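So the sequence shown is residues -6 to 93, counted in the working numbering.
See structure below.
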Amino acid sequence: MIPSAKEVEHARELLSQYFRPTRLASAESLAQRSGARVYLKIESDLPTGSFKPRGALNAFADLESVIRATCGWLQRLARRSILNSKTPVCCLKLALIFRA
-6 MIPSAKEVEH ARELLSQYFR PTRLASAESL AQRSGARVYL KIESDLPTGS
44 FKPRGALNAF ADLESVIRAT CGWLQRLARR SILNSKTPVC CLKLALIFRA
């Protein structure tokens, strides 16, 4: 499903609260082959080295029950349970990311 312009703008506003903009790099060889300006979005600049937190935050943003559940006792329990692991836990409403 292709998002509407309104959905894209909503996602941009939400994500800008938690992530700095990623840089764009000109892709000259692709531009030459396609005859168009082509840019690559460098998501590896994010602290996570991945685009995945942006997608996850945007996907969960409209799920009120998930947000409530991840910001109270469940969030604290999840944090305690990962102290001996490398699994990140995110409390979306508070924008807290815990790493062991």
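Using N, Cα and C, we set each Cβ at its ideal position, and we do this for glycine too.
All figures in this text were calculated on a predicted structure; none of them were measured in a lab.
Residues that residue i bridges to, as DSSP identifies them
| i | result |
| --- | --- |
| A18 | L33 |
8 Å Cβ shell around residue i - same chain, five flanking residues per side excluded
| i | result |
| --- | --- |
| S43 | E36 and S37 |
Euclidean distance between Cα positions of residue i and residue j
| i | j | result |
| --- | --- | --- |
| L33 | Q10 | 22 Å |
| S(-3) | L50 | 18 Å |
| I(-5) | E2 | 13 Å |
Endpoints, alpha helix (DSSP H) assigned at residue i
| i | result |
| --- | --- |
| A54 | Careful: A54 lies outside any alpha helix (DSSP H) and carries neither H nor E. |
| L7 | A(-2) to S9 |
Residue i at chain C interface by Cβ criterion, 8 Å
| i | result |
| --- | --- |
| Y32 | Within the model displayed, chain C is absent; a lone protein chain is all it includes. |
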